[in-house]
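What follows is one structure encoded as structure tokens, with my remarks underneath.
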Amino acid sequence: MTTISFYARGDSNTANNASLNAKGISTTPVTQLTFTSGTGGDIKLDYNGGQNDPDTQVILNGVTQGFRVEFTGNLPTTNKLANVNGVDLRGKEITVITTADGQRFFFLNDGSGTLGVMTAFPNGAHGITGSNYAPGTVLLCFLGGTRIATPQGPRAVESLRPGDGVTTADGRTLPVRWIGDTVVGEAALQKEPALHPVIIPKNFFGPGLPLRALGLSPGHRISCSGWQTEMLFGCSEVLLPAAHLRASVKPLRPVGPITYYHILLDEHAMLIAEGLPAESFQPGARGATAMGAAETRALCDLMGTTLPELLSRPDAAQTLRQHETQVLLALLRHPQRAAAA
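Mapping to the UniProt record's numbering: the sequence shown position 252 is 252, numbers consecutive.
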């Protein structure tokens, strides 16, 4: 049996056109939700057409019961979410569920919602952006055919095997610990456009960045560094999800099944994919919920760690929110125009 836990707050669905209405903790205290695979299920959170998740249950106050996923979305970028018990929650992704006994909760998908953060979360209505009322599985991976830098030269991602060395963006050689793949069928692609790959064109970020078109899953993060990130965010490197680029690149509508590949290393690091720094697989709370129970247990055994330890591995750099990515892109791609503005 595999489990994953989140601290959650109560939500009312009468928020006057806002997607989220956080109940006061005097009405609904902060609650720990533990999702469980049981004996034959998984810890993927499936929308399932608005019905209960077919193969995952939630443990609430010691009672195991069914639940349904209502929607996912991103918190607003309002000042009241800028410092919630020391954590900036602006733009973070949430999931809202309703349990079989009729209670409605929301939690932070990235696992940053500690007891202290969720206790301090502001009550009342919060306008949600990017609301998805038919959310699918979160995928964090490379499209098949992507060339990954290795000490022997670029290799197609599907040709890599555990134990092979890959070259990181900071010049190290690290062994591949695990490679997974996810096949997305034609029916799923037609039903869920959010599963479509983001295709980053050749030279999008500058000469050779990337060297040729690079296909990534929407949740996959790429690395940007330089004086621009220092000036805007005070750090040498930042990560931006490929989904943030959708408005800036030509959309691709796949006509058949596609395969995504995930590469796990001993640490979260930047691989070089078609010449562009892009992250290795980072299980995290969101990544783990896209994996089956058996696969999650196997990863923990392979890495010699527990699930909570695996999910709490630190990121290689901070991740930008949507509006921050747009500011950075303007400076990277049109520096003169951005300066004039």
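We put the CB at the ideal spot given by N, CA and C, even for glycine.
In this text, all values refer to a predicted model and were calculated from it rather than measured experimentally.
One or two residues paired with residue i in a DSSP bridge
i, result
"P175", "G165"
"L75", "Note: L75 sits in no beta bridge, so no partner."
"Q322", "In the DSSP output, where bridge partners are listed per residue, Q322 has none listed."
"Y7", "Q32"
"N21", "A125"
"K58", "With the sequence shown as reference, residue 58 is identified as Val, and Lys is not the correct amino acid for it. DSSP output for V58 lists F35, Q65 as bridge partner(s)."
"residue 352", "Lying outside 1 to 341, the shown extent of the chain, residue 352 is not represented and no answer is given."
"R104", "T98"
"E93", "N74"
Exposure of residue i, with buried meaning 16 or more beta-carbon neighbours within 10 Å
i, result
"R9", "buried"
"S280", "buried"
"L310", "buried"
"M231", "exposed"
"D11", "buried"
"Q190", "exposed"
"H268", "buried"
"A340", "At A340, the pLDDT of 45 sits below 50, so the modelled position is not reliable and the matter cannot be decided from this model."
"K44", "buried"
"P210", "buried"
"Y7", "buried"
"A169", "buried"
"A156", "exposed"
"R221", "buried"
"H323", "exposed"
"R90", "buried"
"T64", "exposed"
"L115", "exposed"
"A82", "exposed"
"S312", "exposed"
"T129", "exposed"
"S236", "exposed"
"T36", "buried"
CB of residue i within 8 Å of CB of residue j, strictly
i, j, result
"L239", "A125", "no"
"V166", "L174", "yes"
"E158", "G256", "no"
"S225", "A278", "no"
"D53", "R68", "yes"
"I258", "P193", "no"
"R94", "T77", "The sequence given here has Ile at residue 94, not Arg. Cβ atoms of I94 and T77: not closer than 8 Å."
"G127", "S19", "yes"
"Y261", "I200", "no"
"T3", "T39", "no"
"T121", "V96", "In the sequence as displayed, the identity of residue 121 is Phe instead of Thr. Not a contact, by the Cβ cut-off of 8 Å."
"residue 344", "L265", "Residue 344 cannot be examined here, being either before or after the span of the chain that is shown, 1 to 341."
"V31", "F105", "Just to set this straight, residue 31 is Thr in the shown sequence, not Val. Against a cut-off of 8 Å, the Cβ pair of F105 and T31 comes out as a contact."
"L320", "Q228", "no"
"V87", "V117", "yes"
"G163", "G208", "no"
"P283", "L299", "yes"
"L307", "T325", "no"
"N74", "K92", "yes"
"residue 409", "I25", "Only positions 1 to 341 of the chain appear in the structure, and residue 409 is not among them; the question remains open."
"K202", "A213", "yes"
Any chain B beta carbon closer than 8 Å to residue i
i, result
"S112", "Judged by its chain identifiers, the structure shown contains no chain B, having just a single protein chain."
The ligand FAD heavy atom lying under 7 Å from the CB of residue i
i, result
"G226", "Because no ligand of any kind appears in the structure shown, any question about the ligand FAD cannot be addressed here."
Mind listing, in chain order, the continuous alpha helix (DSSP H) runs of no fewer than 4 residues lying wholly within the UniProt domain "Hedgehog/Intein (Hint)" (141-284)?
-> Counting only runs that start and end inside the UniProt domain "Hedgehog/Intein (Hint)" (141-284), the alpha helix (DSSP H) elements of at least 4 residues fall at 186-191, 227-233.
Inspect the CB distances between the region 110-127 and the region 142-149 and report whether three or more fall short of 8 Å.
-> No, because fewer than three Cβ pairs between the region 110-127 and the region 142-149 fall closer than 8 Å, the two stretches do not touch.
With contact counted as at least three CB pairs below 8 Å, one residue from each stretch, are the region 206-218 and the region 242-249 in contact?
-> Below 8 Å, enough C-beta pairs join the region 206-218 and the region 242-249 to call them touching: three or more.
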